[in-house]
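I have placed the structure first, in the form of structure tokens, so that the comments after it can refer back to it.
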Amino acid sequence: MLWRERRLRWRTCTLRLLALCLAALLCTHFTAELKRRALPQPGLTPKVPGAEVYNRRLEDVPSKRQVIYVRRSSKAASNGRQGESGRRDSLQPARWHIDLQPWADSSHSLEEEARRFLHYITNSQISCSRLMTNGLTDNYLDSMKPWKVCLDNKFSLAHQIRSKQCRVYSLGLGEDDNVFELNMASGGCEVHRFDPGIPSAHIHEAERLWHHRLSVDWRDPNPAIAPHRLHSNTKKLKTILNDFGHWKIDVLKADMESAEWKILENLILEGVMEQIGQLVLEIHLHWPGFEVSGNDSSVVRYWYSLFKELEHKDFKLFYSFKDLSKPQMFLKKEVFNASSCYILSWVNTRWT
Ligand SMILES: *[C@@H]1O[C@H](CO)[C@@H](O)[C@H](O)[C@H]1NC(C)=O
Ligand SMILES: *[C@@H]1O[C@H](CO)[C@@H](O)[C@H](O)[C@H]1NC(C)=O
Numbered sequence: 226m227l228w229r230e231r232r233l234r235w236r237t238c239t240l241r242l243l244a245l246c247l248a249a250l251l252c253t254h255f256t257a258e259l260k261r262r263a264l265p266q267p268g269l270t271p272k273v274p275g276a277e278v279y280n281r282r283l284e285d286v287p288s289k290r291q292v293i294y295v296r297r298s299s300k301a302a303s304n305g306r307q308g309e310s311g312r313r314d315s316l317q318p319a320r321w322h323i324d325l326q327p328w329a330d331s332s333h334s335l336e337e338e339a340r341r342f343l344h345y346i347t348n349s350q351i352s353c354s355r356l357m358t359n360g361l362t363d364n365y366l367d368s369m370k371p372w373k374v375c376l377d378n379k380f381s382l383a384h385q386i387r388s389k390q391c392r393v394y395s396l397g398l399g400e401d402d403n404v405f406e407l408n409m410a411s412g413g414c415e416v417h418r419f420d421p422g423i424p425s426a427h428i429h430e431a432e433r434l435w436h437h438r439l440s441v442d443w444r445d446p447n448p449a450i451a452p453h454r455l456h457s458n459t460k461k462l463k464t465i466l467n468d469f470g471h472w473k474i475d476v477l478k479a480d481m482e483s484a485e486w487k488i489l490e491n492l493i494l495e496g497v498m499e500q501i502g503q504l505v506l507e508i509h510l511h512w513p514g515f516e517v518s519g520n521d522s523s524v525v526r527y528w529y530s531l532f533k534e535l536e537h538k539d540f541k542l543f544y545s546f547k548d549l550s551k552p553q554m555f556l557k558k559e560v561f562n563a564s565s566c567y568i569l570s571w572v573n574t575r576w577t
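Taking the working numbering, the leading residue of the sequence shown gets 226, the next gets one more, and so forth.
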């Protein structure tokens, strides 16, 4: 009898404790939320957290089971930071879809959509007086892909490099060489490369170059999936920024093998583009891309609309490269003299 009573008492105790924890958690969350709403928004003040913050945050991430709690707490923390530094995007309402541009013409034909899109990606919108290929040194071979950044003094990157406050994120799937990353690091930038294929969770390769075994996705893993099946090495860029305590990326380089469309859409919808100074992106046109559906003309209209969203956020294209070494295919057909692969570079002209 006694043991049964004792067990019952224990159970009540545990339940109470659990309820208390939950209440405390909710309380913290709501307080942070209230604080965020109540705080006035001062001007944009750059704030560069040091490497300690980044290291601490990595240690903060304990086990898969605690992922949900970690996310919530890091979100609350970053909301506090947003209040202090006055990031504009924190006030923008959540968006669920991008704005589709009107059709190129009333026929909705693939020809017209492709003509408009290809014209867009092959004409730069702003000139750059100091284009750098593959980073900040002249260590460059013609056989390499031309990842271009702009060091024109009219844009912030040149100044950020001079004051050693430059941060580069590189998203890839391990197929590229590391020349861009190594050069940017030796030029004084803090470089984070995200690649799901590396052998350990974090590798510190050079003084300012880190590799992380993470792949960037356009959505968070579904918490309903059993933790052991959860692909916890997959995160949204916004989540990674929060986890690392970073709020700006001077250069985002990405070669996502056809996942670029949904990732770009996610960055636009979640207001992450505002945190990016220059975007260097490889795009793939031989098929619609992961989770992009519709007939051919709708697909091209969607691609175009994504780039118009960038333009709307004052991103200007300063470099376009047509890769003639890849199949010359556009949506599975050899048409429009197009390549299946282009590398494009934009600069965020709000960052000057
Ligand atoms: C493609 O689909 C859209 C609607 O989803 C339609 O308006 C358009 O006419 C279609 N285009 C072609 C060429 O069939
Ligand atoms: C096709 O593209 C190549 C490379 O961009 C260019 O040199 C050539 O003039 C183009 N051909 C036509 C017919 O436009």
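Even for Gly, the Cβ is constructed at its ideal location relative to N, Cα and C. The structure presented is a predicted model; accordingly, all values stated were derived computationally and were not measured.
- Distances between the C-beta of His333 and the heavy atoms of ligand 1 include at least one below 6 Å.
- At the C-beta level, Val441 and Cys414 stay beyond 7 Å of one another.
- Around the beta carbon of Gly519, a 10 Å sphere encloses fewer than 16 other beta carbons of the protein chains shown; the residue is thus reported as exposed.
- With respect to His427, His417 sits apart: the two C-beta atoms are not nearer than 7 Å.
- Put simply, of Glu490, Pro327, His344 and Ser332 the residue whose alpha carbon is nearest the alpha carbon of Trp321 is Glu490.
- Counting only residues of its own chain and dropping the five nearest sequence neighbours on each side, Asp330 has a CB closer than 7 Å to the CB of Glu337.
- Residue state for Thr464 is assigned as helix, using DSSP reduced to three classes.
- Judged by DSSP secondary structure, Phe540 falls within the beta strand (DSSP E) whose first and last residues are Phe540 to Lys547.
- With respect to the C-alpha of Val374, the residue from Cys566, Val560, Leu542 and Asp324 having the closest C-alpha is Leu542.
- For the pair Ala319 and Asp445, the Cα-to-Cα distance works out to about 16 Å.
- In its chain, beyond the 5 residues on either side, Ser565 have a beta carbon closer than 6 Å to the beta carbon of Pro552.
- For Asn520, no beta strand (DSSP E) encloses it, and the DSSP letter there is neither H nor E.
- Short of 6 Å from the beta carbon of Trp486, and not among the five residues preceding or following it, lie these beta carbons of its own chain, in chain order: Gly514 and Val517.
- Taking a C-beta distance under 7 Å as the contact criterion, Tyr529 and Gln326 qualify as a contact pair.
- Each residue's CA atom was taken as its position, placing Tyr527 and Arg241 some 52 Å apart.
- In this structure, the C-beta of Asn562 approaches ligand 2 to less than 6 Å from one of its heavy atoms.
- Secondary structure within the segment 367-426: the alpha helix (DSSP H) runs of 4 or more consecutive residues, fully enclosed, are 381-387 and 404-411 (chain order).
- The C-beta of Asp402 has fewer than 16 other C-beta atoms within 10 Å across all chains shown, which makes the residue exposed.
- For Leu335, the enclosing alpha helix (DSSP H) starts and ends at Leu335 to Thr347.
- Under a 10 Å Cβ-count criterion, Arg387 is classified as exposed, with fewer than 16 other Cβ atoms of the shown protein chains found around its own Cβ.
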